[in-house]
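Student: Going left to right, the sequence shown walks through residues 0 to 230 as numbering that gives the first Met the number 0 numbers them.
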Amino acid sequence: MKNEQAALLSVSSLSKSFWNDGLQIRVLSGVNFDVRSGEVVALIGPSGIGKSTLLNLIGTLDKPDDGQILYNGQNPLTLSDPELARFRNSHIGFVFQFHHLLPEFTALENVMLPVLVYEFDRSKAAKQASEILNRVGLGNRLRHRPAQLSGGERQRVAIARALVNNPLIVLADEPTGNLDTKNSDLLIELILELNQQYQRTFVIATHNPHIAARAHRVLTITDGTVTDQIP
């Protein structure tokens with residue numbers, strides 16, 4: 000059963016503060032939670048509460064003041080910088096509110112980039128990118144640049160880019176925040192389909208109640224701590 004599985008991601012006693020004009024602002028304080036393989040977890044809370052900070056920490060883009068982050072029992076923050084960069088590229092996918100696609104590259108080329116960081120076989124990278132773009136419904140848009148795509152299509156390219164290296168987990172920061180209701184709903188359906196078909200694991204920071212309602216679990220940030228519930 001799912002609740003008997005070992006944690007893919009384990010966060011314990013995680014704390015993070017920032018300094019502003021000599022004042023310490025504590026954003027997270029003693030955060031604890033697990034994420035198991037194949038879960039869709041929604042991370043909710045008001046703006047400025049620390050959702051993006053928490054995603055950056057578990058995505059190894061930033062380091063905590065205290066606490067520990069383990070992936071399958073391994074602490075990636077003990078790795079050297081080159082090893083950590085390789086770990087992040089191969090094990091963690093990122094999707095943001097704004098797609099961050101390179102405008103001069105086609106959809107195919109944008110999705111190829113994470114593969115080409117450590118894989119110099121362009122034909123292999125193109126094959127992987129083409130396959131995942133087909134899966135997200137953009138098989139006929141491979142040669143289009145971002146300016147030639149709709150907002151929903153650009154976010155689908157971003158999801159394909161996040162998935163192309165077959166990561167352990169995908170971290171999404173307000174992925175529907177820049178979309179209208181129709182495209183937002185389509186993106187939610189795509190995420191759930193990818194989760195069900197491929198057992199992809201997602202942690203999604205969101206204000207969207209539809210994502211929270213359909214997630215397997217909801218993590219709520221309040222006063223620097225996280226509470227865990229099933230919707």
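Where is the CB? At the ideal position from N, CA and C, for every residue including glycine.
In its own chain, which residues sit with a C-beta less than 6 Å from the C-beta of L170, not counting the 5 before and 5 after it?
Tutor: Position 171 of the sequence shown holds residue 170. The residues are L54, G58, F93, V202.
Student: Just how far apart, CA to CA, sit D222 and V26?
Tutor: Locating residue 222 in the sequence shown gives position 223, counting from the first residue. Locating residue 26 in the sequence shown gives position 27, counting from the first residue. Each residue's alpha carbon lies about 8 Å from the other.
Student: Give the straight-line distance between the Cα atoms of V217 and F17, rounded to the nearest whole angstrom.
Tutor: Walking along the sequence shown from the start, residue 217 turns up at place 218. Walking along the sequence shown from the start, residue 17 turns up at place 18. C-alpha separation (whole angstroms): 26 Å.
Student: Can you tell me whether DSSP reads K62 as helix, strand or coil?
Tutor: Here the question's residue 62 lines up with position 63 in the sequence shown. In the structure shown, K62 sits in coil (DSSP, three-state: anything other than H, G, I, E or B).
Student: Does the distance from the CB of G66 to the CB of S12 come in under 8 Å?
Tutor: Position 67 of the sequence shown, counting from 1, holds the residue named residue 66. Position 13 of the sequence shown, counting from 1, holds the residue named residue 12. It is a contact, given that the beta carbons lie within the stated cut-off.
Student: Looking only at C-alpha atoms, which of N109, G136, V135 sits nearest to A125?
Tutor: Looking up residue 125 in the sequence shown gives position 126. Closest option to A125, Cα to Cα, is N109.
Student: Residues in its own chain within less than 7 Å of S129 by CB, not counting five upstream and five downstream?
Tutor: Against the sequence shown, residue 129 aligns to sequence position 130. Cβ within range, chain order: L107, L141.
Student: For the region 171-188 against the region 114-122, do three or more pairs of beta-carbon atoms, one drawn from each stretch, fall closer than 8 Å, so that the two count as touching?
Tutor: The region 171-188 is not in contact with the region 114-122.
Student: I need the boundaries of the beta strand (DSSP E) containing I190, first residue and last residue.
Tutor: As a working mapping, residue 190 is identified with position 191 in the sequence shown. Segment 180-197 is the alpha helix (DSSP H) holding I190; no beta strand (DSSP E) there.
Student: Determine the DSSP secondary structure at S16, reduced to helix, strand or coil.
Tutor: Reading the sequence shown from its first residue, position 17 is the one you call residue 16. In the structure shown, S16 sits in a strand (DSSP, three-state: E or B).
Student: Output the boundary residues of the alpha helix (DSSP H) element that contains R153.
Tutor: Here residue 153 refers to the residue found at position 154 when the sequence shown is read from its first residue. 150-162 is the span of the alpha helix (DSSP H), which, as asked, contains R153.
Student: Look at the Cβ atom of Y70, then the Cβ atom of L148, and state whether they are nearer than 8 Å.
Tutor: The residue given as residue 70 occupies position 71 in the sequence shown. The residue given as residue 148 occupies position 149 in the sequence shown. No.
Student: Of all the options F32, N165, D80, which has the alpha carbon lying nearest to the alpha carbon of V114?
Tutor: Along the sequence shown, read from residue 1 onward, the residue named residue 114 stands at position 115. Comparing Cα-Cα distances from V114 to each of F32, N165, D80, the minimum goes to N165.
Student: Have a look at V10 and F95 and give me their C-alpha separation to the nearest angstrom.
Tutor: Stepping through the sequence shown from its first residue, residue 10 is reached at position 11. Stepping through the sequence shown from its first residue, residue 95 is reached at position 96. Whole-angstrom Cα-Cα distance: 22 Å.
Student: So I187 and R213 are in contact, right, with Cβ under 8 Å, and what is the actual spacing, rounded?
Tutor: Residue mapping note: residue 187 aligns to position 188 of the sequence shown, counting from 1. Residue mapping note: residue 213 aligns to position 214 of the sequence shown, counting from 1. So it is a contact: roughly 7 Å between Cβ atoms.
Student: Which first and last residues belong to the alpha helix (DSSP H) in which R142 is found?
Tutor: Start at 1 with the first residue of the sequence shown, and residue 142 comes out as number 143. Here R142 belongs to no alpha helix (DSSP H), and DSSP marks it neither H nor E.
Student: Helix, strand or coil for V114 per DSSP?
Tutor: Indexing the sequence shown from 1 puts residue 114 at position 115. V114 falls in the helix class under three-state DSSP.
Student: Distance, Cα to Cα, L83 vs F32?
Tutor: On the sequence shown, position 84 is the one that residue 83 refers to. On the sequence shown, position 33 is the one that residue 32 refers to. If you take the alpha carbons of L83 and F32, they lie about 22 Å apart.
Student: Do D172 and A204 have their C-beta atoms closer together than 8 Å?
Tutor: As a position in the sequence shown, residue 172 is number 173, starting the count at 1. As a position in the sequence shown, residue 204 is number 205, starting the count at 1. Taking 8 Å as the Cβ cut-off, D172 and A204 qualify as a contacting pair.
Student: At what residues does the alpha helix (DSSP H) containing S28 begin and finish?
Tutor: Here residue 28 corresponds to residue number 29 of the sequence shown, with the count starting at 1. First-last for S28: 22-35, but that is the beta strand (DSSP E), not the alpha helix (DSSP H).
Student: Measure the alpha-carbon distance for M0 versus I131 and round it to whole angstroms.
Tutor: On the sequence shown, residue 0 is found 1 positions in, with the first residue counted as 1. On the sequence shown, residue 131 is found 132 positions in, with the first residue counted as 1. Because M0 sits at a pLDDT of 40, beneath the cut-off of 50, its placement in the model cannot be relied upon, and the following sentence gives the value as read from the coordinates. Each residue's alpha carbon lies about 29 Å from the other.
Student: So, with DSSP's three-state summary, where would you put L69?
Tutor: Position 70 of the sequence shown, counted from the start, is the residue given in the question as residue 69. Here L69 sits in strand by DSSP.
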